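A.B. asks:
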Amino acid sequence: MILAGIGAGLAAIGAGIGIGKIGGSAMDAIARQPEAASKIQTAMIIAAALIEGVALFAVVVALMKG
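Residue numbers (the UniProt record's numbering): 1 to 66.
1) Where do the ends of the alpha helix (DSSP H) carrying A47 lie?
2) Please determine, among I2, A47, V60, the residue with the shortest C-alpha to C-alpha distance to K21.
3) When the Cα atoms are used, what is the spatial distance from A49 to G14?
4) One question on the structure: do G7 and A55 come within less than 9 Å of each other, judged by their Cβ atoms?
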């Protein structure tokens, strides 16, 4: 059960790092091209949702194995 908790925690940390990188990169891109903000925001939200989905799947698998 301990390893399941560690696996779920690593999945959550990975998702947090990934979404943080997406957010930071999106802010840099919007600062460089403010006219493309809506397109950048849409792409950022889709990428963040995909990362959240993978992280949720990883947490469920980790807890099922533990």
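We put the CB at the ideal spot given by N, CA and C, even for glycine.
In this text the structure is predicted, and so the values were computed from the model without any measurement.
C.D. replies: Let's see:
1) Looking at the DSSP string, the run of the alpha helix (DSSP H) that includes A47 is 37–65.
2) Cα-wise, what sits closest to K21 is A47.
3) About 14 Å.
4) No Cβ-Cβ contact shorter than 9 Å links G7 with A55.
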